[in-house]
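K.L.:
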Ligand code: ADP
Ligand code: MG
């Protein structure tokens with residue numbers, strides 16, 4: 007579908023062919039510590055991109071940079087072909103304006119490891135909060151879609167319940183419904199199942215798989231190699247802030263070339 011968004015895509019490339027997110031040579035430091043040392047990747051429309059790697063390799067930082075929760079020192083981030091990052095280098099680098107940041111955060115909706123639901127709001131209120139108060143959408147319309155998304159993730163009966171009254175798996179599914187209710191162009195997941203007991207983990211994996219089958223664009227940081235192998239179109243292995251190896255999951259998991267990836271995989275299974 008060509009909408010007004012197509013204006014922002016380069017004239018030479020139709021919107022459908024433009025990656026939803028593209029990252030070019032991104033460098034990010036915290037003080038002296040260089041966490042991302044020149045990372046490039048892209049998430050084409052309808053693709054699932056998984057990021058794997060040891061703790062501290064920069065996976066969360068990369069996701070957080072992608073939806074402008076963090077700034078970066080150099081490199082470019084493009085949303086649907088449009089550069090959205092702090093432009094320029096060093097002192098000349100300037101931030102994207104607030105309106106743009108908001109647009110990017112709503113279009114690249116993030117699901118966190120710790121769910122981050124509001125404890126004082128019911129599940130329905132949690133899901134409706136951002137579309138109504140941040141995006142200013144019609145309350146009735148948002149409520150209908152919030153209920154539909156809660157149904158979709160299998161907790162349509164929990165609308166009036168508070169987060170503390172639900173299991174971790176149910177809370178994470180509510181967080182996914184909340185992300186979906188923003189009607190984003192892509193979903194970003196940061197270790198969505200890491201805080202869950204194994205039996206609850208599977209109910210969340212099932213929801214993520216269903217979203218992948220629907221053709222949603224997703225970037226997923228995960229330690230769950232089975233899920234990554236199952237649903238990804240492309241897997242990126244980060245090591246100390248650099249892409250050490252990447253490829254199709256079949257190739258990457260069955261015939262890893264890099265010794266570091268071989269070690270990582272043998273330690274995680
Ligand atoms: P991963 O998600 O792969 O475990 P992170 O992106 O969270 O890795 O962290 C990468 C590195 O950056 C780690 O060494 C971590 O300690 C450091 N780091 C992350 N966030 C901050 C921060 N806000 N301030 C300083 N250092 C940070
Ligand atoms: Mg992390």
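In my numbering, the protein residues as written are 7 to 275.
Cβ coordinates follow ideal geometry from the N, Cα and C atoms, glycine included.
Computed from a predicted structure; not experimentally measured.
1. Taking the alpha carbon of residue 277 as the reference point, which residue from 52, 258 and 184 has its own alpha carbon closest?
2. Beta-carbon within less than 7 Å of residue 207's beta-carbon, same chain only, minus the 5 sequence neighbours each way: which residues are those?
3. Looking at C-beta atoms only, is the number of pairs between the segment 220 to 239 and the segment 184 to 196 that lie closer than 8 Å three or more?
4. For the ligand ADP, I want to know if residue 246 counts as a neighbour, meaning its beta carbon is within less than 7 Å of at least one of the ligand's heavy atoms.
5. So is the beta-carbon of residue 65 under 7 Å away from any non-hydrogen atom of the ligand MG?
6. If distances are taken between C-alpha atoms only, which option among 212, 154 and 145 comes closest to residue 178?
7. Counting Cβ pairs closer than 8 Å, one from the segment 160 to 169 and one from the segment 118 to 125, do we hit at least three?
8. Are the beta-carbon atoms belonging to residue 46 and residue 29 less than 8 Å from one another?
9. Quick one: measure Cβ to Cβ for residue 239 and residue 53, integer angstroms, because I've assumed they're closer than 8 Å.
10. Look at residue 25 and residue 112 and say whether their C-beta atoms are less than 8 Å apart.
11. Label residue 117 either buried or exposed according to how many other C-beta atoms from any shown protein chain fall within 10 Å of its C-beta, with 16 as the threshold for buried.
12. The beta strand (DSSP E) that contains residue 32, what's its start and end?
13. Determine the direct distance from the alpha carbon of residue 214 to that of residue 231, and round the result to whole angstroms.
14. Measure the alpha-carbon distance for residue 244 versus residue 65 and round it to whole angstroms.
15. For residue 22, is the beta carbon positioned less than 7 Å from some heavy atom of the ligand MG?
16. Give me whichever residues DSSP pairs with residue 45 in a beta bridge.
17. Given a cut-off of 8 Å on the beta-carbon distance, is the pair residue 73 and residue 114 in contact?
18. Count the other CB atoms, across all protein chains shown, that sit within 10 Å of the CB of residue 145; report buried if there are 16 or more and exposed otherwise.
19. To the nearest whole angstrom, what separates the beta carbons of residue 55 and residue 242, a pair I think is in contact under 8 Å?
P.N.:
In this structure, then:
1. Nothing can be reported for residue 277, as the shown portion of the chain is limited to 7 through 275.
2. Along the chain shown, read from residue 1 onward, the residue named residue 207 stands at position 201. The residues 199, in chain order, have a CB closer than 7 Å to that of residue 207 in the same chain once the five nearest residues on each side in sequence are set aside.
3. The segment 220 to 239 is in contact with the segment 184 to 196.
4. As a position in the chain shown, residue 246 is number 240, starting the count at 1. If you check the C-beta of residue 246 against the ligand ADP, you find no heavy atom less than 7 Å away.
5. Locating residue 65 in the chain shown gives position 59, counting from the first residue. Answer for residue 65: yes, Cβ within range of the ligand MG.
6. The residue you call residue 178 lines up with position 172 of the chain shown. The candidate whose alpha carbon is nearest that of residue 178 is 212.
7. Touching, yes, given that three or more Cβ pairs across the two stretches are closer than 8 Å.
8. As a working mapping, residue 46 is identified with position 40 in the chain shown. As a working mapping, residue 29 is identified with position 23 in the chain shown. Yes, they are a contact pair.
9. Along the chain shown, read from residue 1 onward, the residue named residue 239 stands at position 233. Along the chain shown, read from residue 1 onward, the residue named residue 53 stands at position 47. The Cβ separation is near 4 Å, so the contact holds.
10. For this step, residue 25 is matched to residue 19 along the chain shown. For this step, residue 112 is matched to residue 106 along the chain shown. For residue 25 and residue 112, no; Cβs fall outside 8 Å.
11. By one-based count along the chain shown, residue 117 stands at place 111. The residue is buried, with at least 16 neighbouring Cβ atoms inside 10 Å.
12. Within the chain shown, the letter at position 26 stands for residue 32. Start and end: 27 to 36.
13. Start at 1 with the first residue of the chain shown, and residue 231 comes out as number 225. Start at 1 with the first residue of the chain shown, and residue 214 comes out as number 208. Near 14 Å, if we compare the C-alpha coordinates of residue 214 and residue 231.
14. Locating residue 244 in the chain shown gives position 238, counting from the first residue. Locating residue 65 in the chain shown gives position 59, counting from the first residue. Rounded to whole angstroms, residue 244 and residue 65 show a C-alpha spacing of 7 Å.
15. On the chain shown, position 16 is the one that residue 22 refers to. The answer is no for residue 22.
16. Stepping through the chain shown from its first residue, residue 45 is reached at position 39. In the DSSP output, where bridge partners are listed per residue, residue 45 has 32.
17. One-based indexing of the chain shown puts residue 73 at position 67. One-based indexing of the chain shown puts residue 114 at position 108. Yes, these two residues count as a Cβ contact at 8 Å.
18. On the chain shown, position 139 is the one that residue 145 refers to. With fewer than 16 other CB atoms across the displayed protein chains lying within 10 angstroms of its CB, residue 145 is exposed.
19. Walking along the chain shown from the start, residue 55 turns up at place 49. Walking along the chain shown from the start, residue 242 turns up at place 236. Yes, they are in contact, since the Cβ atoms of residue 55 and residue 242 sit about 7 Å apart, within 8 Å.
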